[in-house]
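Enquirer: There's a structure below that I have some questions on.
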Amino acid sequence: MSYLIVAAHPDDEVLGAGATMYKLAQAGHEVNVCIISGEVNARNNRPGTVELHEDVNSSMNILGVKRVIKGDFSNIELNIVPHLKLVQFIEKAIIETKAEIVITHHPADLNNDHLHTSLSCQAAVRLFQRRDDVLPLKELLFMEVPSATEWGLNAAMQKFFPNTFFEVTEEGVYKKIEALAQYRGVMRDYPHPRSFEAIKGLATYRGGQAGMVYAEAFQCVFRRETYHRH
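Printed below as a string of structure tokens:
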């Protein structure tokens, strides 16, 4: 199975699905990542460009990611990028990775880049309906990104509603934290949501919701199953 995680910024993919990515890669599935704003030039305390790319590569190697596709769209400015450009960039990533299952941001996240990434991804995954040479999408999942998803304060939008839980191991949780720590300046001290304690605590909480020890939670918004009569 080919999985594609579509994230707005470097580190979002790990925060939202790091332990799941590790589990899938260990099980032999192909895991690829598409980062819309690969340079994040407006990020506070951003390391140099060379260091940033080193951080991405180190993080993805820990999780077993096969390929990272980076866009050069400016962060905190995705709202002024033509929607079609974002959609076509994601479509290209879907084609190149032969993605069957796509994971992206929830559209109610506080971060505006997450919103526009999600909207563009929702449009892009329909590509298989327009092109016969594109693998049909099997599933679209929204992930939760600590420090953004829980701050979805707009009451007019439906908040993240987890209905799909991926069981992960303690090793997977630690690999997620190790991968996140490769990004210089991203981890914080507890009680920040990007702290060791908070990330492990969230995995414990989501696991408990589903009768598991540890889990990452997602919201399944599209699933396509085919059945063959015998």
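Numbering (this note's numbering), first residue to last: 86 to 315.
Note that the Cβ used here is the ideal one computed from N, Cα and C, for glycine as well.
Keep in mind the model is a prediction, meaning the values are calculated, not measured.
#1: Taking the straight line between their C-alpha atoms, what separation do you get for S159 and Y312?
#2: Just to confirm the assignment, what range does the alpha helix (DSSP H) spanning Y259 have?
#3: Could you pull the start and end residues of the beta strand (DSSP E) that I175 belongs to?
#4: Between the beta-carbon of L163 and the beta-carbon of D198, is there less than 9 Å?
#5: Rounded to whole angstroms, what's the CA-CA distance from M86 to S280? Just pull it up for me.
#6: If I follow the unbroken beta strand (DSSP E) through H190, where does it start and stop?
#7: Whole angstroms are fine: how far does the CA of N196 sit from the CA of S205?
#8: With a threshold of 16 other CB atoms inside 10 Å of the CB of G103, please say whether the residue is buried or exposed.
#9: Assess contact between the region 177-188 and the region 215-224, defined as three or more Cβ pairs (one per stretch) separated by less than 8 Å. Is contact present?
#10: Measuring alpha carbon to alpha carbon, tell me which of K170, T289 and S203 ends up nearest E256.
#11: DSSP state of K155, grouped into three classes?
#12: Compare the C-alpha of H114 against each of Y88, V141, I161 and N126 and name the closest.
Expert: In terms of the structure at hand:
#1: By 1-based counting over the sequence shown, the position of residue 159 is 74. By 1-based counting over the sequence shown, the position of residue 312 is 227. Whole-angstrom Cα-Cα distance: 43 Å.
#2: On the sequence shown, residue 259 is found 174 positions in, with the first residue counted as 1. Per DSSP, Y259 belongs to the alpha helix (DSSP H) from E255 to A266.
#3: Counting from 1 along the sequence shown, the entry for residue 175 is found at position 90. Not the beta strand (DSSP E): I175 falls in the alpha helix (DSSP H), residues H168 to T182.
#4: The residue you call residue 163 lines up with position 78 of the sequence shown. The residue you call residue 198 lines up with position 113 of the sequence shown. Going by C-beta atoms, L163 is nearer than 9 Å to D198.
#5: Numbered from 1 along the sequence shown, position 1 holds the residue referred to as residue 86. Numbered from 1 along the sequence shown, position 195 holds the residue referred to as residue 280. Cα-Cα distance, rounded: 31 Å.
#6: Taking the sequence shown and counting its residues from 1, the one referred to as residue 190 is at position 105. Its beta strand (DSSP E) spans residues I186 to H190.
#7: Residue numbering aside, residue 205 sits at position 120 when the sequence shown is read from its first letter. Residue numbering aside, residue 196 sits at position 111 when the sequence shown is read from its first letter. Those two C-alpha atoms are separated by around 15 Å.
#8: The sequence position of residue 103 within the sequence shown is 18, counting from 1. With 16 or more Cβ atoms within 10 Å of its Cβ, G103 is classed as buried.
#9: yes
#10: The count along the sequence shown starts at 1 and reaches residue 256 at position 171. Considering only alpha carbons, the answer is T289.
#11: Residue 155 sits at position 70 when you count from the first residue of the sequence shown. Strand, per DSSP.
#12: If you number the sequence shown from 1, residue 114 lands on position 29. With distances taken between Cα atoms, H114 lies closest to Y88.
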